[in-house]
Every structure is written in C-alpha cells, then in structure tokens.
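Participant:
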Ligand code: TXA
Ligand code: MG
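In my numbering, the protein residues as written are 291 to 615.
#1: Note down the Cα distance separating residue 327 from residue 581, rounded to an integer number of angstroms.
#2: In the DSSP assignment, find the unbroken beta strand (DSSP E) run with residue 557 in it and report its ends.
#3: If residue 358 sits next to residue 386, beta carbons under 8 Å apart, how far is it from one beta carbon to the other, in whole angstroms?
#4: Closest to residue 537 by CA distance: which of 411, 496 and 529 is it?
#5: Is residue 343 near the ligand MG, with its Cβ less than 7 Å from a heavy atom?
#6: Could you give the DSSP three-state label for residue 553: helix, strand or coil?
#7: Just how far apart, CA to CA, sit residue 546 and residue 554?
#8: Tell me whether the beta-carbon of residue 445 lies closer than 8 Å to the beta-carbon of residue 462.
#9: What I want to know is whether the C-beta of residue 347 ends up closer than 7 Å to one or more non-hydrogen atoms of the ligand PLP.
#10: Could you tell me if residue 254 is buried or exposed, where buried requires 16 or more neighbouring beta carbons within 10 angstroms of its beta carbon?
#11: Quick one, which of 560, 329 and 401 has its alpha-carbon nearest residue 361's?
#12: Would you check whether the ligand TXA has a heavy atom nearer than 7 Å to the C-beta of residue 392?
#13: Would the beta-carbon of residue 569 fall within 8 Å of that of residue 459?
#14: Please go through the same chain and pick out, in chain order, the residues whose beta-carbon is closer than 6 Å to the beta-carbon of residue 481, but skip the five residues on each side of it.
#15: Out of 577, 447 and 413, state which residue places its alpha-carbon closest to the alpha-carbon of residue 303.
#16: Could you please give the first and the last residue of the uninterrupted beta strand (DSSP E) stretch that includes residue 324?
#17: Can you look up residue 309 in the DSSP assignment and give me helix, strand or coil?
#18: Quick one: what's got a C-beta closer than 8 Å to residue 525's C-beta in the same chain, skipping five residues either side?
#19: Suppose you measure from the CA of residue 353 to the CA of residue 376; what does that come to, to the nearest Å?
#20: Can you tell me where the beta strand (DSSP E) with residue 401 in it begins and where it stops?
#21: Are there three or more Cβ pairs, one per stretch, closer than 8 Å when the stretch 333-353 is compared with the stretch 417-434?
#22: Kindly provide the chain-ordered list of residues whose Cβ lies closer than 7 Å to any non-hydrogen atom of the ligand MG.
#23: Please confirm if the stretch 303-316 is in contact with the stretch 363-372, defined as three or more CB-CB distances below 8 Å between the two stretches.
#24: Going by CA-CA distance only, name the one from 514, 567, 534 and 423 that's closest to residue 456.
#25: What residue range does the alpha helix (DSSP H) around residue 618 cover?
#26: What span of residues does the beta strand (DSSP E) with residue 381 cover, start to end?
#27: Go ahead and label residue 422 buried or exposed: buried means 16 or more other beta carbons lie within 10 angstroms of its beta carbon, across all protein chains shown.
#28: Would you identify the three-state DSSP class for residue 461, choosing helix, strand or coil?
#29: State the beta-bridge partners of residue 587 as determined by DSSP.
#30: Out of 572, 331, 611 and 398, point me to the one whose CA is closest to residue 448's CA.
#31: Rounded to whole angstroms, what is the Cα-Cα separation between residue 602 and residue 512?
#32: Count the other CB atoms, across all protein chains shown, that sit within 10 Å of the CB of residue 454; report buried if there are 16 or more and exposed otherwise.
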C-alpha cells in the first residue's frame, strides 16, 4: 500500500478542517469532503465545475452507520446493504437531518455507500464521519482510476491525494433507488443487475440511457476529449480505416471478436475478453487514446450482460452529445 498511517491521519485532519482529499475506492477515485460541512461540500462543486444541483454520494465506514444518515430504511435496502457492502453499490434513501442540502443538490433523498477499499475504509474510520465524494475529475470528463489521473486533472485544487494504487473495479458504483415500491437502477455499475436480482429474487428495472433520468446523468458524462463513435463490432476496423483516410487521428477500441485483425489507425487498444478486465481498464484506455492525440475513437458496445451493462452505458455517454463544443 502506498499510503501510510500518517497519511491517513493527515487526510482525516484535512477533512475536519474543511479540506478536500482525493481518496481511492474500488470503483474510481473520489474527491472527498466532510459531508456535514456545507462550505467544504460547496468547494467540491467549484473544483469539479459541477452544477450545484447534481447530488453527491455520502461514503460511510459501514452498514451499521446507515441510520445516522438516512430515514425510513426499507427491508430491501437492509438486504442489499448486507449483501453488497462494502462494495460498488450506492443506495438512494430518504435524507437524514445530518445531511446538508448542499450534498444532495436540494433533494430530500441521499445516496449512500460503503466503499470496498482499505485506504477509503481506513480514512472513514480515522475521520469518524461521512465523506461526500464525487469522482475526482472535472465535470463531464472521464473518471480517474489512478492517483496520477487525479493529480494530472485536479493538481493543486485538491489539498491531498491518498494513493491506493489503481482501482480494481474501474467503473462507478451501481446506484439503486430504494425509496419507491420496487428498487430501480439509476446507474449501472460495479454490482451487476444479475447480482441484484439474485439477492432480491425478482427482476430489476434496467436504466434507459436515452434521456436524463436524474440530475448529474447528462448523456455527455464520462467523455474523453476525442469524439467517440460507436459501430457494430464487425465494422470497427473498416470504420477506423475510413476515418483515418479522411484525415482523422483515429483511436480504436478493438473488440475481442476482431483480435489480431490488422487495423489502419493512429492507435489501437485490444479490448480484453474479460468484462471485469475491460471495466477496470476502460477509463485508462480512453485517457491513453486522448494522450496519444486521437481526435476520434471508434468503439463498439459489449453485450449488455453482467458488467457489460455498465461498460455499454459509459461508452454510450462518452459518445453522447457534448455539453460544450
Ligand atoms: O463509484 C462511485 O459511485 C464513485 C466513487 C467515488 O464512490 N462516485 C461517483 O460519484 O461516481 P459521482 O458524483 O460522480 O456520481 C454520483 C451520482 C450523481 O451523478 C447522481 O446521478 C447520483 O449519483 N445521485 C446522487 N445522489 C442522488 C439522489 N439523491 N438521487 C438520485 N441520484 C443521485
Ligand atoms: Mg462522476
């Protein structure tokens, strides 16, 4: 572990003093602040360039603390927390009085999760309270999965970066709204729909990416600088060659079904056959293609099963209309 006990103490002290600390989680790096400090929470929005109406996730040290942060916890929420925490599952519940409206974008609900990362858990334990943390990137861009990504993107805007190595899951948590009659997935992520259904014993509603469902889920989220174009897997190599011939600097996410196919492009990444490996590396691939100066990325969607649902969701958003030119 690249983080010492004194780093944890320093980070906890900074949180108590109203500072911002970037922390590793199993999904992506977060930009953390004391959840009960409205001024510190507001600073998160400034640093990210994120509209204040976009709600944040409150990270807590264990399911035993859930009732400190929310009200009216239904049995389904307890069941899911018991099965998946610590882990990449975020539950949306009724906001407890302890949570300032700054953290929820003015909503009467709050998103809560227990991250499965030793450094995050050590920080939460040393700090003792809740830590609001969005992904530690500028608004709309690709989430960071290493401490270097955070330093490169946020630099001095954050008071301290805890380095916990590369994130193991690589895509954000699955967000499940448990305030309604039946649980609904607001964002697919590290816990799969199939995992949820196995525990709940019934089908769970699948998200539609065609429109904005909740604040903070614009189609252009998770986008690299390069424009992303999605095509059928068997057309990736042809599409890449055509775009390259038209003068683009093309980056390719070559699907496993086309492995070893020669591709005429500026940069080619072989997509791993394992969805867990792909999820872990997806954001790193997008960053790398940007770094290599690609202006266009040609990719295809994996089958939307298991982690493929979250990967396809992020690729669709990366390919979606941009908020800025
Ligand atoms: O894996 C993750 O969830 C990472 C790590 C750092 O924990 N965090 C993360 O946070 O992805 P962020 O802020 O990038 O995305 C959180 C999303 C918001 O965009 C919003 O869509 C949803 O959570 N959200 C938060 N509070 C909500 C609420 N009360 N109702 C509905 N959606 C909510
Ligand atoms: Mg984010």
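Ideal Cβ positions, reconstructed from N, Cα and C, are used throughout, including at glycine.
Facilitator: The relevant details are as follows:
#1: Within the chain shown, the letter at position 37 stands for residue 327. Within the chain shown, the letter at position 291 stands for residue 581. The alpha-carbon atoms of residue 327 and residue 581 are separated by roughly 36 Å.
#2: Position 267 of the chain shown holds residue 557. Looking at the DSSP string, the run of the beta strand (DSSP E) that includes residue 557 is 557-560.
#3: Indexing the chain shown from 1 puts residue 358 at position 68. Indexing the chain shown from 1 puts residue 386 at position 96. Rounded to whole angstroms, the Cβ separation of residue 358 and residue 386 is 7 Å, and the two are in contact under 8 Å.
#4: As a working mapping, residue 537 is identified with position 247 in the chain shown. When the alpha-carbon of residue 537 is set against those of 411, 496 and 529, the nearest one is in 529.
#5: The count along the chain shown starts at 1 and reaches residue 343 at position 53. No, the beta carbon of residue 343 sits no closer than 7 Å to any heavy atom of the ligand MG.
#6: Residue mapping note: residue 553 aligns to position 263 of the chain shown, counting from 1. Residue 553 falls in the coil class under three-state DSSP.
#7: Your numbering for residue 546 matches position 256 in the chain shown. Your numbering for residue 554 matches position 264 in the chain shown. Those two C-alpha atoms are separated by around 17 Å.
#8: For the purposes of this step, residue 445 is taken as the residue at position 155 of the chain shown. For the purposes of this step, residue 462 is taken as the residue at position 172 of the chain shown. Cβ atoms of residue 445 and residue 462: not closer than 8 Å.
#9: Looking at this structure, you won't find the ligand PLP anywhere; what it does contain is the ligand TXA and the ligand MG.
#10: For residue 254 there is no data in the structure shown, the boundaries of the chain being 291 and 615.
#11: Counting from 1 along the chain shown, the entry for residue 361 is found at position 71. Here the closest residue by C-alpha is 401.
#12: Taking the chain shown and counting its residues from 1, one reaches residue 392 at position 102. Checking the Cβ of residue 392 against the ligand TXA gives no.
#13: Within the chain shown, numbered from 1, the residue matching residue 569 stands at position 279. Within the chain shown, numbered from 1, the residue matching residue 459 stands at position 169. Against a cut-off of 8 Å, the Cβ pair of residue 459 and residue 569 comes out as a contact.
#14: As a working note, residue 481 is residue 191 in the chain shown. Hits under 6 Å: 374, 378, 379 and 464.
#15: By 1-based counting over the chain shown, the position of residue 303 is 13. Ranked by Cα distance from residue 303, the first of 577, 447 and 413 is 413.
#16: Your numbering for residue 324 matches position 34 in the chain shown. Residues 320-324.
#17: Start at 1 with the first residue of the chain shown, and residue 309 comes out as number 19. Three-state result, residue 309: coil.
#18: Sequence index remark: in the chain shown, residue 525 carries index 235 (1-based). Cβ neighbours of residue 525 beyond the five flanking positions: 590.
#19: Along the chain shown, one-based indexing puts residue 353 at 63. Along the chain shown, one-based indexing puts residue 376 at 86. Roughly 8 Å between the two C-alpha positions.
#20: Numbered from 1 along the chain shown, position 111 holds the residue referred to as residue 401. DSSP places residue 401 inside the beta strand (DSSP E), whose first and last residues are 399-403.
#21: A contact exists between the stretch 333-353 and the stretch 417-434.
#22: A residue is listed when its beta-carbon falls short of 7 Å from at least one non-hydrogen atom of the ligand MG; in chain order these are 424, 425, 427, 433, 462 and 511.
#23: Under the 8 Å Cβ criterion, the stretch 303-316 does not count as touching the stretch 363-372, having fewer than three qualifying pairs.
#24: If you number the chain shown from 1, residue 456 lands on position 166. Nearest to residue 456 by alpha-carbon distance, out of 514, 567, 534 and 423, is 567.
#25: The question about residue 618 has no answer, for the chain in this structure spans 291 to 615.
#26: In the chain shown, the residue the question calls residue 381 occupies position 91. Counting along the chain, the beta strand (DSSP E) containing residue 381 begins and ends at 379-385.
#27: Position 132 of the chain shown, counting from 1, holds the residue named residue 422. Classification of residue 422: buried, given that the 10 Å Cβ count is 16 or more.
#28: Position 171 of the chain shown holds residue 461. Residue 461: coil per DSSP, three-state reduction.
#29: Here residue 587 corresponds to residue number 297 of the chain shown, with the count starting at 1. Answer by DSSP bridge pairing, in chain order: 518 and 541.
#30: Walking along the chain shown from the start, residue 448 turns up at place 158. Among 572, 331, 611 and 398, the Cα nearest to that of residue 448 belongs to 331.
#31: For the purposes of this step, residue 602 is taken as residue 312 along the chain shown, with counting starting at 1. For the purposes of this step, residue 512 is taken as residue 222 along the chain shown, with counting starting at 1. Roughly 12 Å between the two C-alpha positions.
#32: Taking the first residue of the chain shown as 1, we reach residue 454 at position 164. Result: buried.
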